[in-house]
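Going by full-length UniProt numbering, the sequence shown wraps up at 1139, each residue one higher than the last. Heads up, the beta-carbon is just placed ideally off N, CA and C, and yes, glycines get one too.
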Amino acid sequence: MAYVVPIHKASSVRHALKLQFLNPEEESLVVAKANRLEIYTLTPDGLNLAASCTLYAKVSMLARLPAPAHSPTDHLFVGTDRYTYCTLSWDSAQNRIRTERNYVDIADPSSRESQTGNRCLIDPSGRFMTLEVYEGLVAVVPIVQLPGRKRGRAPAVPTGPDAPKVGELGELTTARIDELFVRSSAFLHVQSGLPRLALLYEDNQKKVRLMVRELNYTSATASTSADATLTHIADFAQELDLGASHLIPVPAPLGGLLILGETSIKYVDDDNNEIISRPLDEATIFVAWEGVDSQRWLLADDYGRLFFLMLVLDSDNQVQGWKLDHLGNTSRASALVYLGGGIVFVGSHQGDSQVLRIGNGSFETIQALSNIAPILDFTIMDLGNRTSESQTHEFSSGQARIVTGSGAFDDGTLRSVRSGVGMEELGVLGDMEHITDLWGLQVQAGGDTLDTLLVTFIDETRVFHFSPDGEVEELDHFLGLSLSENTLLAANLPGSRILQVTEQRVLIADLEGGMVVYEWTPPNGLVITAASANDDSLVLVVGGELMTVLDIGTEAQVITEKKFGADSQVSGVTVPASPTEVCVVGFPQLAKVSVLRLRDLTEVHTTSLGPAGEAFPRSVLVADVLADSPPTLFISMADGSVITYSFKTDDYSLSHMNKLILGSEQPTFKKLPRGDGLYNVFATCENPSLIYGSEGRIIYSAVNSEGASRVCHFNSEAYPGSIAVATLHELKIALVDRERTTQIQTLQIGATVRRVAYSPSEKAFGIGTIERKLADGAEIVTSRFMLADEVLFRQLDSFELRPEELVESVIRTEFPAGKDENGREMIKDRFVVGTAYLDDEGEESIRGRILMFEIDNGRKLTKVAELPVKGACRALAMLGDKIVAALVKTIVIYKVVNNNFGTMKLEKLASFRTSTAPVDVTVVGNVIVVSDLMKSVCLVEFKEGDNGLPDSLTEVARHFQTVWATGVACIDKDTFLESDAEGNLIVLRRNLAGVEEDDRRRLEVTSEISLGEMVNRIRPVNIQQLASVTVTPRAFLGTVEGSIYLFAIINPEHQDFLMRLQATMAGKVESLGEMPFNEFRGFRSMVRQATEPYRFVDGELIEQFLNCEPELQEEIVNSVGMMNVHEVKVMIEALRRLH
């Protein structure tokens, strides 16, 4: 039983569109990313995400339907890869996207899919829409008009309760055309008459031609169905460029067409049947265009260049020629949208999407939207320092640092991806060690800004004053407060006063007088061990046993004292915000927390945290984290866990306990104001975390900070909204995000990062790259193996491959490197690289190489072994100290033999011929798991030869199905996860307990699902299976669309419940366009199509339970049975924390 959930959603932009979607006065940008739609509004700083939604199909077409009669805003037409379409609109009352028309299925299994992608066009008169999804067929959808608008030609308005309104789509009908391989199509801007459709197509002789057809549409009547024909009216005899790719309709009054070719741009005057052609200065491949006005267009080419095209008119306002200007280089565009006012959105599949402002002959980038697609390869650097041997934390993929090889050619990058709360360093105050705590204070500033930072060390306190322009001055004296000892608490008090609590005394200073106005010292020379205060009261713990309460209102005075004794010492205390009558105290020896009255320290409420001697509360904090909910009590435990309770302010009771392991050492808490009366809590331990409220739940998220040991809120004039951060060695000012996002760090490579491997001992990446450059109109492709530094993310060294040679595979492996001075075996990391040649020489020629590199002391690459092989080396793996190489048709085992002079050579031990071609290999023990290009997965066993016999490779099991595999990984004992080129995931199990030999040879399918995205790489992770968790993470998956998925195995006792919950939610949770979930996730290939996922749970659907209305939650849980709503919520929140 398997579970899959996205930890980084698809970021590749394939389609984008401008329309008035959210309100009638404002243009919105709709962007399609795989099966998700995002709606953005334009601000002066760039795009702002206003809404997003998920569909149960991958988006393949978008179109704007101008606001129908009953709607104030435009409708959005969405076509999908499942040959369905629906229309959506914005519900301003409920602030969400709603379905206007449920999905319409236009699938025709007997027809052949379009080879050039799906296209959707709207006739300029707004009467018809055409869809091209099959070759030789054009689907015509009328847009309902008011009767009599175009005499006799407009479709009649259908009647009935479900009939489409004026401006909506009518019933679809299809028209046949003779042109099969249509490269591009466009509606011409005709002044009158029937709509005309221009088709740029390839004929049987591979010649490119232009055809114009006229659309005749007859509306349906009571006895006949609607009919559409595309009548041939003009065929341009002139043969076009072989590279002609796009048709651009020229708006009225000029009319006609532009044809974009590789070597020329042609203007076609369809009225006079004339073609004006001008050659390009330099040959190129255009990939996208967007109209600016009726005479100007933006063009993007395959090399990331952006051009400005303008038609040049003669004195009679006829087209004379055109002018093309190169504006600059962007990411390679897959969609261009002109947003008005010189602002252009460049949507990209293989680079960051950008928002540009076009000026005079150039442009500036206003905003870049991160995109890690396509993920060609990735490696897991660490899992938040977790290992399967000593797992002390609850697993969260947010702690995992994944490094991806993303993009292609000039947009190629190495990206470090980490889900968590980002921290941006603004400046370093200086090198300081042993900081124990810090507080921000307001001395001269106004409003809620702070200007003074009080930093305490083991035996002293230092004060830094910040001027409004950011100048920092350290103060030798500060209001007469004690700077020669450790400070436990500092705070602003009402009435322009400042409180300082040290181990020896309590001081209150007056800001106006600049001197101490009150001092209190504990009796008998005892030491203050803990303190907490609000605006009215200060509670002290003296010597761990004596509690003292001081009134620090207008006149400071002691209210009460109470001694608890040596066997019930107090470790921490917190006073909720004013006004309050109580404080909360932790007792480590008794393993309890108590709510005590401030006036006499009598007990109001006590809760046990576990058996005495096992649970040790250390510090406590009360904070308003959730909106419209009681405050939350946070308890820091000695074992690194955090316990939370809901703290009711009316009867001071504690309820709704939750426990989470943050680290292995006790966390310390600091409140950070959010600005809306609520707080986030920053917990510092070896894995700093931000605790915040979201959607009525408390979220714990890793903070991507290197070693923050203490923090405090420091909203100063020079650094608004910032925090002060102390690490082991320095003090700095930083900005911290309010909630979790995906943190992406980029190393620009400027070449396709084909393969990535990581060496922890060398703290470096081995990267195989492919670079493409244009020189004199010709493409030059070069490939190299590069070494990059882990910390600074910069290139250290590179090794150029030969001309026509490309890198195919890279792995990191350990080899013995002799003995050290103590006689212990030394291990050294080496990189093994497999390559392939592009040349077309005879079959007997050498087709690739296997290279081995080691890193010398100067962090440079040294080649230590090289072996020419008779085939491209597609994949590599290690079997003990032997190399497994997947060549074009064979699997070969090589032994590494040391020569005398430090070089090595590879000796062939055994080989095995696969069905077609191996694409990925992984090794388990002495079994090699091979994923084959067409024939799924087979297991091959390696046996060393006895008594002088040669070593052998023998097939022991296989999956007897046709699957176009892309990757494979071992996820459990005798269990394998396979991905295919059609976006499916399959879990295969080897049945060693089978009765017959045939049963043991056959890999059986235990789970399968359609992911909808092609997986390029599967990387297994080894997380210890805990009985307390619902699922156990087993692998990360990287896809072409830029998604990273977490794959997990469901623990047996939860399998039945999660399967039932998924089946129930699939039927009850509303989906956009009413598209069925089960069909979307059912296995789907050219060979067969399943109606639902098989023993596979989609985590994205399960997590939607938390966002459902309470009545729907109750209904779902009642249908499933087995658990109540609260238990289901707790389980799903734990699943959410995985990512």
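Measuring CA to CA, which of Ala-234, Pro-667, Asp-293, Asp-377 is closest to Leu-309?
Nearest to Leu-309 by alpha-carbon distance, out of Ala-234, Pro-667, Asp-293, Asp-377, is Asp-293.
Mind checking residue 1144: buried by the 16 CB within 10 Å criterion, or exposed?
Coverage of the chain is limited to positions 1 through 1139, which leaves residue 1144 absent and any answer about it impossible.
For Gly-932, which residues does DSSP report across the bridge?
Sequence inspection shows Asp at residue 932; the Gly mentioned does not correspond to that position. Partner(s): Pro-918.
Enclosing beta strand (DSSP E) for Phe-1105 [first to last residue]:
Segment: none, Phe-1105 is in no beta strand (DSSP E) and carries neither H nor E.
By the three-class DSSP mapping on this structure, what secondary structure does residue 1188 have?
This structure leaves residue 1188 out entirely; the chain is present only between 1 and 1139.
Inter-residue spacing [alpha-carbon to alpha-carbon] between Glu-135 and Glu-274:
29 Å
If you check the beta carbons only, do Pro-617 and Ser-568 fall under 8 Å apart?
no
Given Gly-412, which residues of its chain have a CB within under 6 Å of its CB, disregarding the five upstream and five downstream residues?
Ile-749, Ala-751, Thr-752, Val-753
Three-pair Cβ contact test at 8 Å for the region 641 to 652 versus the region 701 to 716:
no
Since Asp-431 sits in a beta bridge, which residues does DSSP pair it with?
Glu-730
For Pro-995, does the three-state DSSP call read helix, strand or coil?
Note that residue 995 is Val in the sequence shown, not Pro. Coil at Val-995, not helix or strand.
What is the DSSP secondary structure of Gly-513, counted as helix, strand or coil?
Three-state result, Gly-513: coil.
Run through the DSSP bridge pairs and tell me what Ala-335 is partnered with.
Answer by DSSP bridge pairing, in chain order: Gly-347.
Going by the beta-carbon positions, is the gap between Gly-475 and Glu-460 smaller than 8 Å?
One detail in the question is off: residue 475 reads as Leu in this sequence, not Gly. It is not a contact, given that the beta carbons lie outside the stated cut-off.
Cβ atoms of Tyr-83 and Ala-107: under 8 Å apart, would you say?
yes
Backbone secondary structure at Leu-621 - three-state DSSP
Note: Leu-621 maps to strand in three-state DSSP.
Need the endpoints of the beta strand (DSSP E) that Gly-848 sits in, please.
848 to 855
So what does DSSP say about Ser-92, is it helix, strand or coil?
coil
Rounded straight-line distance, which links the Cα of Ile-1102 to that of Val-1015
22 Å
Span separating the alpha-carbon of Glu-389 from that of Lys-732:
In this prediction, Glu-389 has a pLDDT of 31, which is less than 50 and means its spatial position is unreliable; what the coordinates show is noted afterwards. For Glu-389 and Lys-732, the distance between alpha carbons rounds to 35 Å.
When the Cα of Gly-446 is compared with those of Gly-525, Ser-496, Val-987, Val-140, which residue comes out closest?
Ser-496
Should Val-517 and Asp-510 be called a contact, given that it needs their Cβ atoms to be closer than 8 Å?
yes
Would you decide whether Lys-266 is buried or exposed? Buried here means 16 or more other CB atoms lie within 10 Å of its CB.
buried
Limits of the beta strand (DSSP E) - the one that Met-637 falls within:
632 to 637
Proximity below 8 Å, CB of Lys-58 to CB of Gly-1012
yes
Let me check one thing: in DSSP terms, what residues is Ile-375 bridge-paired to?
Ser-406
Rounded to a whole number of angstroms, what is the C-alpha to C-alpha distance between Ala-957 and Arg-1000?
7 Å
Are there 16 or more other CB atoms within 10 angstroms of the CB of Arg-802, so buried, or fewer, so exposed?
exposed
Would you mind stating whether Leu-654 and His-605 have Cβ atoms separated by less than 8 Å?
Yes; because the gap between Cβ atoms is below 8 Å, this pair is in contact.
Beta-carbon of Pro-611 versus every beta-carbon of chain D: anything under 8 Å?
This model lacks chain D altogether; it includes just one protein chain.
Out of Val-929, Ala-910, Arg-1034, which one is the CA nearest neighbour of Gly-945?
Nearest C-alpha to Gly-945: Ala-910.
Cβ-Cβ separation, Phe-181 to Glu-214 (assumed contact under 8 Å), whole Å
Glu-214 to Phe-181, Cβ: 21 Å. No contact.
My output table needs one value for Met-826: the three-state DSSP class, helix, strand or coil.
Here DSSP, grouped into helix, strand and coil, assigns Met-826 to strand.
Is the region 1112 to 1129 touching the region 1064 to 1073, taking contact as three or more C-beta pairs under 8 Å?
yes
Count the other CB atoms within 10 Å of the CB of His-179; is the residue buried (16 or more) or exposed (fewer)?
The sequence given here places Glu at residue 179; His does not occur at that position. Classification of Glu-179: buried, given that the 10 Å Cβ count is 16 or more.
Measure the CB-CB distance between Arg-755 and Gly-351 and report whether it falls below 8 Å.
No, they are not a contact pair.
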